[in-house]
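Numbering (the working numbering), first residue to last: 5 to 336.
One structure is given below, encoded as structure tokens.
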Amino acid sequence: MKMLAGRLHLKERGLRMETVDVPEPGPDEVLVKVTAAGVCLSDVHLIEGGLTPRLLDGDVVTLGHETAGIVDRLGDRVEGWKPGDRILLQAGQRDRRGTVYTRGVDYDGGWAEYAVARADTLVAIPDDLPFEQACIIPDAVSTPWAAITATAQVKPGDAVAVWGVGGLGAHAVQLLRLIGAAPVIAVDPLAPARERALALGADVALDPSEAGTIRELTGGGLAVALDFAGVPAVREQALTVLGRGGKLVLAGIANQPVTISSDSFFNYLKLSIHGHYGSDPEHVEELVRLARRQRLDLAASISDVLPLADAPAAVERLQRKEGNPIRLILRP
Numbered sequence: 005m006k007m008l009a010g011r012l013h014l015k016e017r018g019l020r021m022e023t024v025d026v027p028e029p030g031p032d033e034v035l036v037k038v039t040a041a042g043v044c045l046s047d048v049h050l051i052e053g054g055l056t057p058r059l060l061d062g063d064v065v066t067l068g069h070e071t072a073g074i075v076d077r078l079g080d081r082v083e084g085w086k087p088g089d090r091i092l093l094q095a096g097q098r099d100r101r102g103t104v105y106t107r108g109v110d111y112d113g114g115w116a117e118y119a120v121a122r123a124d125t126l127v128a129i130p131d132d133l134p135f136e137q138a139c140i141i142p143d144a145v146s147t148p149w150a151a152i153t154a155t156a157q158v159k160p161g162d163a164v165a166v167w168g169v170g171g172l173g174a175h176a177v178q179l180l181r182l183i184g185a186a187p188v189i190a191v192d193p194l195a196p197a198r199e200r201a202l203a204l205g206a207d208v209a210l211d212p213s214e215a216g217t218i219r220e221l222t223g224g225g226l227a228v229a230l231d232f233a234g235v236p237a238v239r240e241q242a243l244t245v246l247g248r249g250g251k252l253v254l255a256g257i258a259n260q261p262v263t264i265s266s267d268s269f270f271n272y273l274k275l276s277i278h279g280h281y282g283s284d285p286e287h288v289e290e291l292v293r294l295a296r297r298q299r300l301d302l303a304a305s306i307s308d309v310l311p312l313a314d315a316p317a318a319v320e321r322l323q324r325k326e327g328n329p330i331r332l333i334l335r336p
């Protein structure tokens, strides 16, 4: 049995839509019929060469770390699931030594008609949560959620600013509002992104040229600055508007040095810089519970749905930021 898949050939950094064999699930795995898969800026970085798989066995991989679908077939040792179950897939898995392998990076992902997943990486989703929304919870929503709740440990009433209101930052604004951060400030050079931030719950949306007003807006500076832009200038700017004990969390990828312009200022205010990457399984499960209880609405996050065969076009749209998308979704 054959299927269509979006395969990245790393030697030439080429994305090709290819017909390949449907994978066979191992004893502890499940074959999933993919119904929706997100297109992330990380996928673009992989294609362009800004990211390289560290743990991939070989030099070709099916992209897609944001995946939802229906259980199709069970491995011999799998219990607790049945064909027809609606699920999303965690964006990665750990081996026995604790090494994290990322779906669609270190092993084949969801830009395909079918995907194999270890049974312990499946998360059940409610019937009223559309697959297009469910598939983006791992990464697009769970990464900012983990950055906010685990890395930054934002508390209700904390003044927080988000730099970069794209696929991750837009959800950060929404989630900060959900947990009671105040004020929530969005910083983005694009007017449509600022308008979107306000619609999602930001109290203030600023152009980067206006960021100098943040200290006044917050009455002394930010408790937390979240960088989802991955731009060195953003980090330098954010450090200047942190309050005493403030944290800068780096969730965007710049592949550039982090510069502290004044160590005396940094030390006097007892500031700190924290790296952040991805999320843990419990963060995805928390977000599914919030969605089940109607506390989290992701309908506005789905910018467009395209056929799987149009994956290269979706990548080009994201590269150009055409329409300023939050998430483009591929539907096999």
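Here a beta-carbon is modelled for each residue, glycine too, at the ideal position from N, C-alpha and C.
None of the values given here were measured: they were computed from a predicted structure.
Exercise for the section: Under 8 Å Cβ to Cβ from G327, same chain only, skipping five residues before and after it: list those, please. Expected result: So the qualifying residues of the chain are S307, D308 and R321.
Practice task
Tell me, please, whether the segment 249-265 touches the segment 221-233 by the rule of three or more beta-carbon pairs shorter than 8 Å.
Solution key: Remark: three or more beta-carbon pairs, one from each stretch, lie closer than 8 Å, so the segment 249-265 and the segment 221-233 are flagged as touching.
Problem - Enclosing alpha helix (DSSP H) for Q337 [first to last residue] - result: Given that the chain is displayed from residue 5 to residue 336, the structure contains no residue 337 and the question cannot be resolved.
Handout entry: Endpoints, the alpha helix (DSSP H) within which S268 is located
Key = Its alpha helix (DSSP H) spans residues D267 to Y272.
Practice task
Would you mind working out which of V38, E52 and S268 sits nearest V75, comparing C-alpha positions?
Solution key: It is V38.
Practice task
Reducing DSSP to helix, strand and coil, say where P311 ends up.
Solution key: Taken through DSSP and simplified to helix, strand or coil, P311 comes out as strand.
Exercise for the section: May I ask you to report which of helix, strand or coil DSSP gives G68? Expected result: Of the three classes helix, strand and coil, the one that applies to G68 here is coil, per DSSP.
Handout entry: Three-state secondary structure (DSSP) of T39
Key = If DSSP states are grouped into helix, strand and coil, T39 belongs with the strands.
Practice task
Using a threshold of 8 Å, state whether the C-beta atoms of V253 and A156 are closer than that.
Solution key: Taking 8 Å as the Cβ cut-off, V253 and A156 qualify as a contacting pair.
Exercise for the section: For S276, name the three-state secondary structure that DSSP assigns. Expected result: In this structure, S276 counts as strand in the three-state DSSP scheme.
Handout entry: Start-to-end residues for the beta strand (DSSP E) that takes in E22
Key = Bounds of the beta strand (DSSP E) holding E22 are G18 to D25.
Exercise for the section: Please classify Y111: is it buried, with 16 or more other beta-carbons within 10 angstroms of its beta-carbon, or exposed? Expected result: With 16 or more other Cβ atoms from the protein chains shown falling within 10 Å of its own Cβ, Y111 counts as buried.
Exercise for the section: Spell out a yes or no on whether the segment 290-301 and the segment 16-23 are touching, meaning 3 or more CB-CB pairs, one atom from each, closer than 8 Å. Expected result: At 8 Å Cβ cutoff, the stretches do not touch.
Problem - Given 8 Å, three or more beta-carbon pairs between the segment 129-148 and the segment 192-205 - result: Because the criterion of three Cβ pairs below 8 Å is not met, the segment 129-148 and the segment 192-205 do not touch.
Practice task
Measure the C-alpha to C-alpha separation of S276 and K251 and round it to an integer number of angstroms.
Solution key: About 5 Å.
Exercise for the section: Please confirm whether A317 and L310 have their CB atoms less than 8 Å apart. Expected result: Here A317 is near L310, since their CB atoms are less than 8 Å apart.
Problem - Proximity below 8 Å, CB of A40 to CB of A72 - result: One thing to note: A40 has its Cβ within 8 Å of the Cβ of A72.
Practice task
Can you tell me which of L45, G62 and L60 puts its alpha carbon nearest to the alpha carbon of G54?
Solution key: Checking every option, the nearest Cα to that of G54 belongs to L45.
Problem - Rounded C-alpha distance that separates V64 from G108 - result: Using only the alpha carbons, I get a separation of about 10 Å.
Practice task
Alpha carbon to alpha carbon, how far is S268 from G114? Give it in angstroms, no decimals.
Solution key: In this structure, the CA atom of G114 is about 48 Å from the CA atom of S268.
Practice task
Excluding the 5 residues preceding and the 5 following L60 in the sequence, name in chain order all residues of the same chain whose CB lies nearer than 8 Å to its CB.
Solution key: Excluding sequence neighbours, L60 sits near L14, V109, D110 and Y111.
Exercise for the section: Specify the secondary structure class of L133 as computed by DSSP and reduced to three states. Expected result: Coil at L133, not helix or strand.
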